[in-house]
Amino acid sequence: MVRRQLVPDLNRINILKFPSLVTEMIINEMGFVDALQLSLSSARCKRTTSSARNKTPMKMQIAITPSRCVFLIFEKNDTLKNLRFFWKFGTRPVGKTEQLKIGGMDMENRRVRFDGWLQYRSFTSKNSIDLAMNVAITHLFSVFRCIEVTVIDINFEMLNDRFRVRKALESVKTTSKLFIRGPKFDSDVRFILSNIEVTKHFYHSSTFSMGTTIDDRLNCSEVIEIGNSSWMSPERLWTMNCERIELLRSRFTSDDVMEFLRRWIDGNGKDKISYVNIEHPLGFGSLDFEELNATPWDPIIEETMVRPENSLHWGLSRAMNIQCLADGRVGTISQNTEIEFHFLVWQEKPVEVVNIEEEI
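For the sequence shown, full-length UniProt numbering begins at 1 and goes up steadily by one.
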């Protein structure tokens, strides 16, 4: 059953004249776009809409690329197939536009229907697109307070130099997934890493060196993939508890890797780790396997256990095994070359359930 969209005609009826409880009930029955339009009408409308919709769970995805600066809004369990709202920012108005003012900033705005949903396409000067995105995101956060940013995708490749990502994302504090593409690695990326907490998946493709350590907010539980991790401190490596970790061009030493392994053996906040790949361009040096109570590779492990999904199949003939004291999990260390460190945690094979009646 499709929920009917209640569209108030503010020229005919002033819903703010109703008792507050009735007003909130009406706003709660509105579609997302109608509630957004109402919140943009005046400061009072914004406060009233916020009071009525502050517990509505929503999701936001943000994309900043050379060809588009947009964010998408979904209800909590929606996907791209049932998108609620699309807001795009540009510099060249096409078609009929209207004045839109948010947070003291004037924009030209065009409403466009697409697949039954309304889009906003807002236009401003080249020097102000980043600010326009920020005031729009800030407005949404202040009205719909249960918006969760699930994805931020940034491509610095050929991005306009006037566009400052740190300005556009100034009000964003947390995201589930953050993807940074392109070679640029400057103050914008420093700001992102230092100010936005990433809780699930972080990907950064640049191989350029940062040169200095960054106090990042990466608390990923699923994936960390970094093309040049020379800015990362040993302390960050030691505290990681992420399923898949790939840190290329790092500055970590054998002592740093040893401390990471000690913590894994002790069961010190490392229960999610299943696969680690770390690279040092100049080499790590040797690890103290005796201290780790490591034992030579035993092929029976591969017969009785399962590799983590998406782990690389590197050679194990010279690998060493260690064991977690907390839960008995087995981890395998492999260094095929001095510049590589591979570590995987084996998983128990699923128990096969046999149908006794079929066997009989």
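Ideal placement from N, C-alpha and C gives every residue a C-beta, glycine not left out.
- prompt: Is residue 243 helix, strand or coil when you go by DSSP?
  reply: coil
message: Measuring alpha carbon to alpha carbon, tell me which residue in 232, 158, 238 and 14 is nearest residue 209.
response: 232
query: Can you check whether the CB of residue 273 is closer than 8 Å to the CB of residue 294?
result: no
query: At what residues does the beta strand (DSSP E) containing residue 87 begin and finish?
result: 85-90
message: In the DSSP output, what is residue 278 paired with across the bridge?
response: For residue 278, DSSP records a beta bridge to 247 and 341.
message: By the three-class DSSP mapping on this structure, what secondary structure does residue 273 have?
response: coil
Validate contact between the segment 160-168 and the segment 74-84 using beta carbons, cut 8 Å, 3 pairs: no
field: Nonlocal neighbours in the same chain, by C-beta distance under 6 Å from residue 26, ignoring five residues either side
entry: 15
Beta-bridge pairing of residue 331 - partner residues as DSSP gives them: 322 and 345
task: Could you tell me whether the segment 253-266 touches the segment 299-319, using the rule of 3 or more Cβ pairs below 8 Å?
output: no
- request: List the whole-angstrom C-beta distance separating residue 99 from residue 108, where the pair is believed to meet the contact cut-off of C-beta under 8 Å.
  value: 7 Å
Inter-residue spacing [alpha-carbon to alpha-carbon] between residue 35 and residue 149: 19 Å
- request: Tell me whether residue 47 is buried or exposed, calling it buried when 16 or more other Cβ atoms sit within 10 Å of its Cβ.
  value: It is exposed - the Cβ of residue 47 has fewer than 16 other Cβ atoms within 10 Å.
Every unbroken beta strand (DSSP E) inside the segment 163-199 [3 residues or more]: 174-181
query: Assuming residue 181 contacts residue 156 under a Cβ cut-off of 8 Å, what Cβ separation, rounded to an integer in Å, is found between them?
result: 7 Å
field: Bridge-paired residues (DSSP) for residue 64
entry: According to DSSP, which records beta bridges pairwise, residue 64 is partnered with 69 and 154.
field: N-terminal and C-terminal residue of the beta strand (DSSP E) that residue 223 is part of
entry: 223-226
Proximity below 8 Å, CB of residue 373 to CB of residue 249: There is no way to answer for residue 373, as the model of the chain reaches only from 1 to 360.
query: Is it right to say residue 136 is buried, meaning 16 or more other beta carbons lie within 10 angstroms of its own, or is it exposed?
result: buried
field: DSSP state of residue 217 mapped onto helix, strand, coil
entry: coil
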